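K.L.:
To start, I am sharing the structure in question, which I have written as structure tokens.
There are 4 protein chains.
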Amino acid sequence: MDCTTEEIAKHNDASSCWIIIKNEVYDVTEFLSIHPGGPSIILKYAGSDATSAYDPIHPPDTIQKNLSPSQCLGPLITTTNTTDRKDRVPVEQTQDEMRVEREMKRRPPLNRVLNLGDIEDIAKRVLPYPVQAFYSAGTDDEFSLRENARAFDRFFFHARVMRPVSSCDPSTKILGYDSSLPVFVSGAAQAILGHPEGELNITRACGNASIIQMVCTFASIPRAQIAAAMLPSQTLFFQLYKITDTAATAKVVREAEELGYKAIFLTVDAVVVGNREKDVRSLWVMEEQEGKTQYYVEGDPEATTNLSGSSAVNRRNVFDPDLSWKETIPWLRSITKLPIVLKGIQCVEDAVLAAEAGVEGILLSNHGGRQLESSLPPLEVLYRIRQQRPDVFDRLEVYIDGGIRRGTDVIKAICLGATAVGLGRPFLYALSAYGEAGVIKLLDILRREITISMRLLGAASIRDLTLEVVERVDWEPVRRRIGKL
Amino acid sequence: MDCTTEEIAKHNDASSCWIIIKNEVYDVTEFLSIHPGGPSIILKYAGSDATSAYDPIHPPDTIQKNLSPSQCLGPLITTTNTTDRKDRVPVEQTQDEMRVEREMKRRPPLNRVLNLGDIEDIAKRVLPYPVQAFYSAGTDDEFSLRENARAFDRFFFHARVMRPVSSCDPSTKILGYDSSLPVFVSGAAQAILGHPEGELNITRACGNASIIQMVCTFASIPRAQIAAAMLPSQTLFFQLYKITDTAATAKVVREAEELGYKAIFLTVDAVVVGNREKDVRSLWVMEEQEGKTQYYVEGDPEATTNLSGSSAVNRRNVFDPDLSWKETIPWLRSITKLPIVLKGIQCVEDAVLAAEAGVEGILLSNHGGRQLESSLPPLEVLYRIRQQRPDVFDRLEVYIDGGIRRGTDVIKAICLGATAVGLGRPFLYALSAYGEAGVIKLLDILRREITISMRLLGAASIRDLTLEVVERVDWEPVRRRIGKL
Amino acid sequence: MDCTTEEIAKHNDASSCWIIIKNEVYDVTEFLSIHPGGPSIILKYAGSDATSAYDPIHPPDTIQKNLSPSQCLGPLITTTNTTDRKDRVPVEQTQDEMRVEREMKRRPPLNRVLNLGDIEDIAKRVLPYPVQAFYSAGTDDEFSLRENARAFDRFFFHARVMRPVSSCDPSTKILGYDSSLPVFVSGAAQAILGHPEGELNITRACGNASIIQMVCTFASIPRAQIAAAMLPSQTLFFQLYKITDTAATAKVVREAEELGYKAIFLTVDAVVVGNREKDVRSLWVMEEQEGKTQYYVEGDPEATTNLSGSSAVNRRNVFDPDLSWKETIPWLRSITKLPIVLKGIQCVEDAVLAAEAGVEGILLSNHGGRQLESSLPPLEVLYRIRQQRPDVFDRLEVYIDGGIRRGTDVIKAICLGATAVGLGRPFLYALSAYGEAGVIKLLDILRREITISMRLLGAASIRDLTLEVVERVDWEPVRRRIGKL
Amino acid sequence: MDCTTEEIAKHNDASSCWIIIKNEVYDVTEFLSIHPGGPSIILKYAGSDATSAYDPIHPPDTIQKNLSPSQCLGPLITTTNTTDRKDRVPVEQTQDEMRVEREMKRRPPLNRVLNLGDIEDIAKRVLPYPVQAFYSAGTDDEFSLRENARAFDRFFFHARVMRPVSSCDPSTKILGYDSSLPVFVSGAAQAILGHPEGELNITRACGNASIIQMVCTFASIPRAQIAAAMLPSQTLFFQLYKITDTAATAKVVREAEELGYKAIFLTVDAVVVGNREKDVRSLWVMEEQEGKTQYYVEGDPEATTNLSGSSAVNRRNVFDPDLSWKETIPWLRSITKLPIVLKGIQCVEDAVLAAEAGVEGILLSNHGGRQLESSLPPLEVLYRIRQQRPDVFDRLEVYIDGGIRRGTDVIKAICLGATAVGLGRPFLYALSAYGEAGVIKLLDILRREITISMRLLGAASIRDLTLEVVERVDWEPVRRRIGKL
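In structure tokens:
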């Protein structure tokens, strides 16, 4: 390849996009559509040096891991013009960057942040648009995303009165590990896009609060660095993505076990990446903001091919699409002594299969509405297990995530049989808005909401949160946002 | 403490808030969040003398009762500057005060007030914002608040025709006492925030109308003064909050009995205060109106602690959180001969326990949606008792409150088995808008709506309001506000 | 009484309202709230001569019939000033009158009127606001009004194919009389408020179209005049309001029978008048348009009394509130040989009682949502009769009205067992918008919609409209207005 | 007839509309209301020569086929003025035409078109309003149109995990013919209104993509020309409208068979044309845009007749309204050896009759909500067949169309038992927006959405799409449009 800056500069848009990182040249054209941070941030550096933007927010070797050898074009051939070119084309501040800067100064004081909706609102204002889109996107028309949350609205309480609640203890155990609340951090990766210290913000806040954090294979902070930030009393779980390279995955598992992670949450709902249109569109939204809208011209290359860029997602899929009950769990058992939890169980049938497969837990989840559109809301799956196969609860621990935003949401899930509930996006919003202080605030809000609601429900401990104090109603409650910041 | 005006003046915001009342100095920092009228009205006087605002609207000793000894800082140390300072910083009229003044002049004539929705609209226009927020707030996202009202929409009538209704009598008996309507005043405290004569407006209007008023432990007019305003024929009930100081509570009960109150409604749904965000936010709304929005700064004290100010609510809880079936009711029986009603029963199970405990009545209520979020709407609880345990109606009287705004709402509850229904907020709105005349108007509207609807339903008396003339439908009627003032 | 123009001029508002009609003076203060055309039109002439407005649109003696003797104050005492005063205070054109004049010129051509929604839209634009309010108002929050119409949305068709439908006959018989469609004119009175020829517009259009008109006791055109306009082949039914003066009612019935009316529809759902707030408010809306908003002043007479003006409705009720199964039907049988239909049956139980009482038919109706709020939608009552007591259909004819606006609505009701359906408001809107031509158009639209839909449903005649081609679904279809004029 | 240009010019509006095409004169007054492209496009040429507009977009003889002999007025009598007149009245560009021209330039590039909703949005912007109205219109209030789509929202998936899906094959067979997706082109006629090459755009795109196209009797491109564009491997089906002229229909069938069409889809849900008001109104919308709104005048001819122009639809109906199980299918069998599918089955009962009649397939369809209003959504009919008569699936192939816009919609229908699903409007929108490239894009999107969703559902082939992975839920999911172009 001709890796001169002259040649590189020609590959400066989505049809062919090359970038320079630390004097190496990469063809990221196909990678654009699967970049977790959205394509726009890459395209900003298309045809030029992206080191300054890439370096602070990615673990070493991230890009190489995600590209095929043929996409690593080789070392930059420096010519005298290189430095000049960068000088001539200084990166200007975009509309979006100006907005972020402005909104950062307008964040309310922490004591005015009353609930997780407030935190989300603030985060959405201060995040770069592509990151906001990446964090918040759901699949297709976002039915599962919306219904995950709405499912909680249909459950009402049978509040019990005249029960002593001066002492009220919301703590519990998850896989035998102490947790000060029946809550854990679920699948919140790519945190570095929201805050330079990324997932560490969560680790530090959770340590003091005695909350368990699940750390993703693709965490934007190296998993060793996160483990190093643990308090002695702190528990971390590891969210595993099995990739097609089984040996590489095994290495990751052993490393996690050695680093002190206490359980493996095997992701089973993401054999391919869901169709998240808000995320894909974010680049074009940015272009419009900059007044650079593109229009169709006759002869559009797409007009003569039926291989859309998006098909590339399948061709370049890194996740192992061939997980199976028969092989995957025995294999995982063979390489680790840690308890195994399946993350992404979406129906009663698979909950039963998981129990039969002998795993220690299942996390009912549709990946926050980011994978299969129209996947049942996890709370509805939990309810169905309770109705149809209550024996499952005796055979393993059941968790859920997706749509949980209030202390009462947590309590409803516990009443239906969950051991604990996971939250994902709220942690990303919290650290994006206020860093570690935001995560502390979030946990503080949850603790307060859970404790007040338990008392008003007549519950002095988690054991009092039983099926009999919750009821699924047959009408459609109206959801409305109250107040605003 | 250094109670000089210089020192006091330094404690002039929410982080540390001192005020002077009648030459005594108080630290009300922690009290801010539990002030029934909202924190903003206090903060306006932070660091200065609040006597002129406090005195006209609080019973004597109110503040002392609500503060711990360590928060009573002692007498003001007068210096020569005191008067000066107050002169220098005259309290200016706020945007909100100007709005109230303007709207008071624009109230419609009473004969144009057609329904309780009109009264609420007018009251919300003429009330100071923090009071409006305090009166109207529900918990969290206000699901229970909204669903309380919407529950009535699902019940339709089987109107019966060809029944003589020239004589139509909506009167009934509540615990043996005459009531001209199957309606009573429920839990409407802090009335003084809406009108200088507070709960007395209700007392006077109800006397002539033969309606029973339930007077709260925390009424803003002393309960003796209310009792003194009773007509000879008039009945008052007493709403009891048991506080942790049992002896003090016993004293209150005996005093109420001696003053002639005829029943004790023991509040059982408020062992801690619900999370009413609209109320909490009201201060900041006011600040924004005045152009004094605050922003986050690095080093925000909340950023380094996980004890939010709101946790203080629990630390300073005055209500007894350890009520119990075994102890509380026998204790209450031992100190009073009055009939006992449990206010705040929220499910069938507790209705049965109440019957077994031998109380004379239960008030199905979720505190107007101000306590436990997602608590079932009282009308739905009533319906479930009727379906599942109709024997309860033979063992005690059942009342409900929450969301009742129309004569047909009252009738629906009576048809399902309630002896009478309580209204709370509507009375506060009525007196806030028009004082005693507003309360008279409200009762007049209810009487008219109940009587017309009973006739059209073919009912000549309360006995004709039976289960067979009401039906719970399986669709979702559309609620829409008709007309406007 | 001092019936001089000077004295009369003092009684010029709602607190005391006198008017002159044909040199007689009347105190209409109490009558204001029950005037079918709304109070505003009267108040415009308060304190002065209303003859010019009254005379063209009321049958002779209307006012005397509706007032008590004490409200007829006697003959006008003419003074020299009378004429002068009227000259000095010419009645100006109001905002509303100007709007009506403007909109009348902007009506679309008839061939652009596609459906009954169009007709309603046009009528609402060209009607004086108080008349529009009187025609369109429902009770309280208008739940029954809205749900009457929405009930039809829940019924879907099982369209049958491969059935010959070149011949398609929508004609039927009602009480043995031919009707070209399974549709009749129900309860559309006070038509003169919308068009100077009032109900005659309907009579003429229905004659040619072979549609039966039900004429109200309180028709704004004398019933004899309507009868005189009948074609020889035409059928009229009579809607009877029984008033407390039984002898007077008997006289009315005999007169109707003699005039050739073929059935008596006894109104049973209107023993008192429903609470129609839009109607009551219409005066104040007009005042606001004219910039004459009134405000509350301390000392408002309503503030010191609990007898609101609206209570007067009950005191002055003209309808007999003591109808009964035992007495009313035998009495009616004793005075007429005509078939008897009960108009306003609202539940299965009363449908059964009607069958047992031996009447010839029942009209399931809640008076278009104008009487008891939350009365079940008639279509739902029809469905329940079909489900629970199908024997009723063998014992009498069943009709329904309320919310019918489309040919498919008509067909759904027939499928569920109705012999025919009534429409009321649409006829008033049609004649208000275009006079007789509007009514012709309305019938033409219905005929077209019914015929097309029958064919597409595979039905060649009314006999093919059976229970098996309709299904009540368990979800909530979305209603949305398509297109606009 | 006086076919001079002077005379013709007098017939220049909807009351009498003559046009000249290739020197022949036609009276199209009655035809206006049934013109598939809407009346406005014709009226633009009322009283003048329409050849230039007609010729490029209609098959030869189209107009003659649709007019009665008496409406073919004969050859134009040329006078010296003819050319002059056309010169004097040049056709100006309308507001709508200017909009179309503008929007054509603003279409987004194809790689930014993410879903079928995008395609529809773009098409609606670039289509002439009357064509957009004709394509998109549903019957009456469009309940069936909306509910067709909403029906899919109520079905959720039980996603299965741990199933190998690296190989994922969405191909299937339809009536024995290969299809690369369980999708075919259903009932998309009049394509020439959206693009000059009309249905050929679909034919060409489907050939490469191995998708079967159903070609309509009334395709705007001659069926022979479409057949000639087929690839050797390509399959076409023929959508037959039986007209009253049975012999002519037989000729059409034989011609289709000879041209290589592989199945006859007999349309059974369109014995008359549905009431599509948006389509009818489109002319008037155009008039308003041009500032030429018409108003009612007394003496409107419609005012004195009860034969509205719209009744003409019935008088001039070309479709055979007398299809029957007994005669139509045997007749069709007698003239063709092709498999027969009934298009437009709308209930379980008729699905059973079809099975008994021995046809090879049924297409559950309500004509895209364009025929009988309130016809059950096809997906609900499919669900009922599965619940009530699963034997039907063993006796013939079942397809559905109506409301399908996402890969998950397709999968849901297959899970419930459909062999394949049809899409109609989306193909018209795709070719209107981008011609053949748009259709390629559409198929590409569907393939991608289906494949991703199958994998996430744990399905490696169509056989894995079973009843057990889909569930009809009992609540109402909220539909909301995400993102925009």
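Chains as they are written, first to last, in my numbering: chain A, 303 to 787; chain B, 303 to 787; chain C, 303 to 787; chain D, 303 to 787. Note that CB positions come from ideal geometry on N, CA and C, so glycine has one too. In this text, all values refer to a predicted model and were calculated from it rather than measured experimentally.
(1) Since Val485 (chain C) sits in a beta bridge, which residues does DSSP pair it with?
(2) Any idea what DSSP makes of Val327 (chain B), helix, strand or coil?
(3) Which value, in whole angstroms, describes the spacing of the CA atoms of Ile631 (chain B) and Phe695 (chain B)?
(4) Determine the DSSP secondary structure at Glu790 (chain C), reduced to helix, strand or coil.
(5) Output needed for Asp405 (chain D): all residues of its chain with C-beta closer than 6 Å, excluding positions within five of it in sequence on either side, in chain order.
(6) Can you tell me the Cβ-Cβ gap for Leu665 (chain D) and Gly724 (chain D), rounded? I've got them flagged as a contact below 8 Å.
(7) Answer with buried or exposed for Thr721 (chain C), where buried requires no fewer than 16 other C-beta atoms within 10 angstroms of its C-beta.
(8) 8 Å is my cut-off, CB to CB: does Val780 (chain C) come that close to chain D?
(9) When you compare the region 309-329 of chain C with the region 770-783 of chain B, are there three or more beta-carbon pairs, one atom per stretch, that lie closer than 8 Å?
(10) Quick check on the burial criterion: 16 or more other C-beta atoms within 10 angstroms. Buried or exposed for Thr768 (chain C)?
(11) Any C-beta of chain D within less than 9 Å: which residues of the region 561-581 of chain A qualify?
(12) Give the straight-line distance between the Cα atoms of Glu394 (chain A) and Phe436 (chain A), rounded to the nearest whole angstrom.
(13) Applying a beta-carbon distance threshold of less than 8 Å, which residues of chain B neighbour Lys407 (chain A)?
(14) Counting only the same chain and skipping the five closest in sequence on each side, list residues whose C-beta sits under 7 Å from that of Glu592 (chain C).
(15) Can you give me the C-alpha to C-alpha distance between Ser481 (chain B) and Ile716 (chain B), rounded to a whole angstrom?
(16) With burial defined as no fewer than 16 other Cβ atoms inside 10 Å of the residue's Cβ, what is the status of Arg390 (chain A): buried or exposed?
(17) Just reading off the beta strand (DSSP E) that Pro709 (chain C) is part of, what are its end residues?
(18) Counting only Cβ-Cβ distances shorter than 8 Å, please list the residues of the region 649-661 of chain C near chain B, keeping chain order.
(19) Nearest-angstrom Cα distance between Leu655 (chain B) and Gln690 (chain B)?
(20) Using the beta-carbon count (16 or more within 10 Å), is Tyr731 (chain C) buried or exposed?
(21) Going by Cα to Cα distance, which pick from C:Glu403, C:Ile504, C:Ala490 is closest to Tyr431 (chain C)?
(22) Kindly list, in the order they appear in chain D, the residues whose Cβ is closer than 8 Å to that of Pro411 (chain C).
(23) Given that Glu751 (chain B) touches chain C, what residues does it touch there, using C-beta distances under 8 Å?
(24) How would you write the range of the beta strand (DSSP E) that Lys259 (chain D) sits in, first residue to last?
(25) Under the rule that 16 or more other beta-carbon atoms within 10 Å means buried, what is Lys594 (chain B), buried or exposed?
(26) In its own chain, which residues sit with a C-beta less than 7 Å from the C-beta of Tyr597 (chain D), not counting the 5 before and 5 after it?
(27) On the DSSP letters alone, give me the boundaries of the beta strand (DSSP E) that Ile566 (chain A) sits inside.
(28) Hey, does Ala461 (chain A) have any beta-carbon neighbour from chain B nearer than 8 Å?
(29) Enumerated in chain order, which unbroken segments of the beta strand (DSSP E) with a length of 3 residues or greater are wholly contained in the region 437-489 of chain A?
(30) I need the straight-line Cα distance from Tyr328 (chain B) to Ser584 (chain B), nearest angstrom please.
P.N.:
Answer, in terms of the structure:
(1) C:Val723
(2) Note: Val327 (chain B) maps to strand in three-state DSSP.
(3) So the alpha carbons of these two residues sit roughly 20 Å apart.
(4) Only positions 303 to 787 of chain C appear in the structure, and residue 790 (chain C) is not among them; the question remains open.
(5) Reading off the sequence, residue 405 (chain D) comes out as Glu, not Asp. Closer than 6 Å at Cβ, skipping near neighbours: Arg427, Val428.
(6) 6 Å
(7) buried
(8) yes
(9) no
(10) exposed
(11) Residues Val570, Asp571, Ala572, Val573, Val574, Val575, Gly576, Asn577, Glu579, Lys580.
(12) 23 Å
(13) By Cβ distance, chain B contributes Tyr597.
(14) Short of 7 Å from the beta carbon of Glu592 (chain C), and not among the five residues preceding or following it, lie these beta carbons of its own chain, in chain order: Thr396, Gln397.
(15) 14 Å
(16) Note on Arg390 (chain A): pLDDT 44, under 50, position unreliable in the model; the coordinate value appears next. Exposed.
(17) Note on residue identity: the sequence assigns Gly, not Pro, to residue 709 (chain C). According to the DSSP assignment, Gly709 (chain C) belongs to no beta strand (DSSP E) but to the alpha helix (DSSP H) extending over 709-717.
(18) Cys649, Val650, Glu651, Asp652, Leu655
(19) Taken atom to atom, the span from the alpha-carbon of Leu655 (chain B) to that of Gln690 (chain B) is near 14 Å.
(20) buried
(21) C:Glu403
(22) Gln596, Tyr597, Tyr598, Val599, Asp602, Glu604
(23) Asp442, Asn577
(24) Outside the modelled stretch of chain D, which goes from 303 to 787, sits residue 259 (chain D), for which no answer is possible.
(25) exposed
(26) none
(27) 566-569
(28) yes
(29) 457-459, 474-476, 479-481, 485-487
(30) 22 Å
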